[in-house]
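Student:
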Amino acid sequence: YALRANIDLFYTPGEILYGKRETQQLPAAGQRLRVGGMVMPGSVRRDPDSLKVNFSLYDAEGSVTVSYEGILPDLFREGQGVVVQGTLEKGNHVLAHEVLA
Numbered sequence: 243y244a245l246r247a248n249i250d251l252f253y254t255p256g257e258i259l260y261g262k263r264e265t266q267q268l269p270a271a272g273q274r275l276r277v278g279g280m281v282m283p284g285s286v287r288r289d290p291d292s293l294k295v296n297f298s299l300y301d302a303e304g305s306v307t308v309s310y311e312g313i314l315p316d317l318f319r320e321g322q323g324v325v326v327q328g329t330l331e332k333g334n335h336v337l338a339h340e341v342l343a
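Residue numbers (our numbering): 243 to 343.
#1: Enumerate in chain order the residues of its own chain whose CB-to-CB distance from Gly321 is below 6 Å, with the five nearest sequence positions on each side excluded.
#2: Are the beta-carbon atoms of Val336 and Leu293 separated by less than 9 Å?
#3: When DSSP labels each residue in this structure, what does Glu264 get in the three-state scheme?
#4: Near Glu331, what residues of its chain come up, given a Cβ to Cβ distance below 7 Å and the 5 sequence neighbours on each side ignored?
#5: Pull up the DSSP beta-bridge partners for Met280, would you.
#6: Just checking my contact of Val341 with Val324 at CB under 8 Å: how many whole Å lie between their CB atoms?
#7: Taking the beta carbon of Thr265 as the centre, do at least 16 other beta carbons fall within 10 Å, making it buried, or is it exposed?
Shown next, in the form of structure tokens:
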């Protein structure tokens, strides 16, 4: 049981919206996960007074919003693939603790 609580499952934006193909099970709010997708062009919003940034990740099936506070990787750009690790919140929003590009 302890191991299960520390596992971060990998999802695409479409799987967060519609569930994994095999089970159709949706991830629950509060669940730790990793999300891989493309950074939606025009979606990156930076707070000029802090390191906070909001953006959307998308795939062929949909998009989710992401909030992150920290220094983004040098290769982070709109239209590029990234993986974020964090917690799923209500409204298909991911509070990211780490961004990998």
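We put the beta carbon where it would ideally sit given N, CA and C, even for glycine.
Tutor: Concretely, from the data shown:
#1: Walking along the sequence shown from the start, residue 321 turns up at place 79. Pro283.
#2: Working through the sequence shown from its first residue, we reach residue 336 at position 94. Working through the sequence shown from its first residue, we reach residue 293 at position 51. In this structure, Leu293 does not lie closer than 9 Å to Val336 by Cβ.
#3: Taking the sequence shown and counting its residues from 1, one reaches residue 264 at position 22. The answer is coil: DSSP assigns Glu264 none of H, G, I, E or B.
#4: Here residue 331 refers to the residue found at position 89 of the sequence shown. Within the same chain, Glu331 has close Cβ partners Ala271 and Leu337.
#5: Within the sequence shown, residue 280 is the residue found at index 38, counting from 1. Note: Met280 sits in a beta bridge opposite Tyr300 and Gly323.
#6: Residue 341 sits at position 99 when you count from the first residue of the sequence shown. Residue 324 sits at position 82 when you count from the first residue of the sequence shown. With 8 Å as the limit, Val341 and Val324 qualify as a contact, their Cβ atoms being about 6 Å apart.
#7: Within the sequence shown, residue 265 is the residue found at index 23, counting from 1. Answer is exposed; the Cβ neighbour count stays below 16.
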